[in-house]
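Anchor point for the sequence shown: position 261 equals 384 in my numbering, and the numbering is continuous, going up by one each time. Don't be surprised by glycine CBs; every beta carbon is placed ideally from N, CA and C. For clarity, every value in this text was computed on a predicted model and none was experimentally measured.
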Amino acid sequence: MRSERVTSAAEPVQEHDTVGSGTSAGRQGASGHSLLFLQRVAGNQAVSQLLEVQREPTAGGPDQVQTVDPEANAEQSAAEEETFDDQAQQAVEDEQPSVWHDIAEGAAGVAYGSVQSLTPGGFAAPSPAPQSRLFEFFRGAGQMATGVAEMVVGAGGEVGGVALDATGVGAVAGVPLNIASAAVIAQGAVSTAAGAGTLMHAMSMGGGSSSGGGPRLPKKGTPERAAIENARRSGIRAAQRRELDNIKAGGKGTPGNEVWTDAELTKIRDSGEFPKDVRWHHSPTVANRPDLAGDPSVIKPIRGGVQGHLAAHGGDFRK
Numbered sequence: 124m125r126s127e128r129v130t131s132a133a134e135p136v137q138e139h140d141t142v143g144s145g146t147s148a149g150r151q152g153a154s155g156h157s158l159l160f161l162q163r164v165a166g167n168q169a170v171s172q173l174l175e176v177q178r179e180p181t182a183g184g185p186d187q188v189q190t191v192d193p194e195a196n197a198e199q200s201a202a203e204e205e206t207f208d209d210q211a212q213q214a215v216e217d218e219q220p221s222v223w224h225d226i227a228e229g230a231a232g233v234a235y236g237s238v239q240s241l242t243p244g245g246f247a248a249p250s251p252a253p254q255s256r257l258f259e260f261f262r263g264a265g266q267m268a269t270g271v272a273e274m275v276v277g278a279g280g281e282v283g284g285v286a287l288d289a290t291g292v293g294a295v296a297g298v299p300l301n302i303a304s305a306a307v308i309a310q311g312a313v314s315t316a317a318g319a320g321t322l323m324h325a326m327s328m329g330g331g332s333s334s335g336g337g338p339r340l341p342k343k344g345t346p347e348r349a350a351i352e353n354a355r356r357s358g359i360r361a362a363q364r365r366e367l368d369n370i371k372a373g374g375k376g377t378p379g380n381e382v383w384t385d386a387e388l389t390k391i392r393d394s395g396e397f398p399k400d401v402r403w404h405h406s407p408t409v410a411n412r413p414d415l416a417g418d419p420s421v422i423k424p425i426r427g428g429v430q431g432h433l434a435a436h437g438g439d440f441r442k
């Protein structure tokens, strides 16, 4: 008899579950395991402390592969993903900068853009915050404003130079002034064009400040969020069906998803169930691309239980 220990930060729980090759008792044990997991998720614990899952060994033949029915496996995977997404969204919201931070970042962008425009060839200098839409927007504004000012000053110099040239005696000073003014006008024109390009790039960026974007999912309890969660579960079930069809047809999983041992493939073909440690992971995540929540082509099986699932997120809720 194999045993799996499931713990949470709030209450240690031991569960002893023997799963046969598709028997009703095995299905009840798997469903009980799923129910316990969902109870832990509902407790809103930190995911790193939510569960400790020990993967069952699979060596020694298909009879030793511990499995869970697809429905319970889909619900378990969806609940974990939803928890990851909520943690990710909370982290993003917690990191939203203050108004004073935005003002400081915008002022820094204007200052940097102005220095770039005043420096010959300065437009080629790299941005210190290329991922910040706010900084880039105001950097472009600073480049353009300073560039326009340079052209105005240069034009004034040209007028003064021409006036000096007209006196004859003043031509000694007027000619150099004309040359310098022309250079200032040219510098201003280049800076203005560079600033326009920076502004256009900033407006095409999706994020806000350098500290992160805004909320990526509708709030829980709203019809919009419910629709996304339904799509998430439908997508996982569709991915499971596609994987089962491939394996039962003699394959080793859909291309790129060959994560099964020979013993596991035999067990899956016989029982229509998946190993207990399998999770179904959206890549990109639903938090980042909620429009793809129901697309089975972006969902793949991940091994290692909840820890493997979190690792698929790069160990970072914001990914």
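- A straight line joining the alpha-carbon of serine 304 with that of glycine 277 spans about 4 Å.
- Measuring C-alpha to C-alpha distances from proline 398 to each of Ser357, Gly427, Ser420 identifies Gly427 as the nearest.
- Nearest C-alpha to arginine 365 among Val421, Phe207, Arg256: Val421.
- The beta carbons of isoleucine 370 and arginine 402 sit no closer together than 8 Å.
- Residue environment for asparagine 353: exposed (fewer than 16 other C-beta atoms within 10 angstroms of its C-beta).
- According to the DSSP assignment, lysine 371 belongs to the alpha helix (DSSP H) that extends over 346-371.
- In its chain, beyond the 5 residues on either side, Ile359, Arg402, Trp403 have a beta carbon closer than 7 Å to the beta carbon of serine 200.
- For histidine 405, the beta-bridge partners assigned by DSSP are Ile422.
- Rounded to the nearest whole angstrom, the C-alpha separation of histidine 324 and alanine 268 is 17 Å.
- A distance of 8 Å or more separates the beta carbons of alanine 252 and glutamine 239.
- Here valine 191 is bridged, per DSSP, to Phe397.
- The three-state reading of DSSP puts lysine 375 in coil, since its state is none of H, G, I, E or B.
- DSSP places alanine 248 in the coil class of the three-state scheme, outside both helix and strand.
- In the structure shown, histidine 432 falls within a helical segment according to DSSP collapsed to helix, strand and coil.
- For the pair alanine 372 and proline 419, the CB atoms are not nearer than the 8 Å cut-off.
- Taken through DSSP and simplified to helix, strand or coil, serine 255 comes out as coil.
- Annotated three-state conformation of leucine 241 is helix, per DSSP.
- When only Cα atoms are considered, valine 275 and isoleucine 308 end up about 8 Å apart.
- About 5 Å separates the CB atoms of glycine 318 and glycine 263; that is less than 8 Å, so the two are in contact.
- Exclusion of the five residues before and after isoleucine 425 leaves Arg402, His404, Gly431, His432, Ala435 as the residues of its chain whose Cβ lies within less than 6 Å of its Cβ.
- In this structure, DSSP gives arginine 412 a state outside helix and strand, which the three-state scheme calls coil.
- At a Cβ-Cβ threshold of 8 Å, glutamate 381 and methionine 328 do not count as neighbours.
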